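Sequence positions in the sequence shown follow the UniProt record's numbering and run 1 to 249. Here's the structure, in structure tokens; my notes come after.
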Amino acid sequence: MRLRGRKGIRESLESQPELVVLDATLHKGKWKTFFGNDNPIYVELGMGKGRFITQMSVRNPHINFIGVDMYDELLRRASEKARNAWADNGVSNPGNLALLRANIEHIDAMFEHAEIERIHLNFSDPWPKSRHARRRLTHPRFVDKYREILNENGEIHFKTDSLSLFEFSLNSFADMELVMRNISLDLHRDGPREDLVFTEYESKFMEKGQNIYRVEAVVGEEALRRHREARDESRRSDDAYRIASDDQP
């Protein structure tokens, strides 16, 4: 991927230390200090132009968000989107967003053990050739790293337009014995999911009528406990409904 950036882009990024982070190693294990609070931290790996992570930060002021990408030009565009979104909402900087320039290959150098609560993977490169499978962000070698940095509430939320990548990802999560929920083969079948934030790619794919595939992988022990409780409660409710229906004359 080649991006032609504007002149002075590095200087522009360096002038925004409250938003743009150019060296993740300085903050490993200290991200709560960067944000100045103990709120949960959600990370988007491969944020692109930043629409998703920016809108998530606006909608959820009590959660800290980090968008990760390795290209200066994408960080520049994301920073513009963030500031425009803040202006639209009448704030100068809500303080819950960081844009991090980093290579996802080195995620273990960015975050400490159990420092992150959720990882978003949105429309990652499918790397369709078999010989490139290890580069897919849902490959077990990456998932192992995710499990290390996710805390007891940890989850992975994955969206893609690639059926082959989705199938690969489901198998990868299953092989690693991760519990999966909310599996969708056509996320917007009944109309746009307004409760979810769309990426730039997602909006384009929806306009073309393409299916969006989505799954949530539950990783942390506390997240697993809540998931099982909700599942068991749903089963009890279903059983009570069936019994009541059977008792009807």
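Glycine is no exception: its CB is placed at the ideal position from the N, C-alpha and C atoms. Note that the structure is predicted; figures quoted are calculated from it, not measured.
(request) Using only alpha-carbon positions, find the residue among S237, E200, N89 and Q210 that is nearest to I53. (result) The residue you call residue 53 lines up with position 53 of the sequence shown. Here the closest residue by C-alpha is E200.
(request) Would you kindly report the start and end of the unbroken alpha helix (DSSP H) that includes D69? (result) Here residue 69 corresponds to residue number 69 of the sequence shown, with the count starting at 1. D69 -> not in any alpha helix (DSSP H); beta strand (DSSP E) instead, spanning N64 to D69.
(message) What residue range does the beta strand (DSSP E) around L97 cover?
(response) Locating residue 97 in the sequence shown gives position 97, counting from the first residue. Residues L97 to R101.
(request) Closer than 7 Å by C-beta to D38: which residues in its own chain qualify, once you throw out the five before and the five after it? Chain order, please. (result) What you label residue 38 is simply residue 38 of the sequence shown in a count that begins at 1. Result list for D38: K32, in chain order.
(request) Specify the secondary structure class of H27 as computed by DSSP and reduced to three states. (result) Working through the sequence shown from its first residue, we reach residue 27 at position 27. H27 falls in the coil class under three-state DSSP.
(message) For the alpha helix (DSSP H) containing S57, name the first residue and the last one.
(response) Position 57 of the sequence shown, counting from 1, holds the residue named residue 57. Per DSSP, S57 belongs to the alpha helix (DSSP H) from R51 to R59.
(message) So the candidates are E80, D125 and I243; which of them puts its Cα closest to the Cα of Q55?
(response) Numbered from 1 along the sequence shown, position 55 holds the residue referred to as residue 55. Comparing Cα positions, the closest option is E80.
(request) May I ask you to report which of helix, strand or coil DSSP gives A223? (result) Taking the sequence shown and counting its residues from 1, the one referred to as residue 223 is at position 223. Note: A223 maps to helix in three-state DSSP.
(message) DSSP three-state label for E194, please.
(response) Your numbering for residue 194 matches position 194 in the sequence shown. Coil, per DSSP.
(request) Between the Cα of E202 and those of N182, R228 and S162, spot the shortest distance and give me the residue it belongs to. (result) As a position in the sequence shown, residue 202 is number 202, starting the count at 1. Answer by Cα proximity: S162.
(request) Please name the residue, chosen from Y71, V197 and V215, that lies closest to L13 on a Cα-to-Cα basis. (result) Mapped onto the sequence shown, residue 13 falls at position 13. Cα-wise, what sits closest to L13 is Y71.
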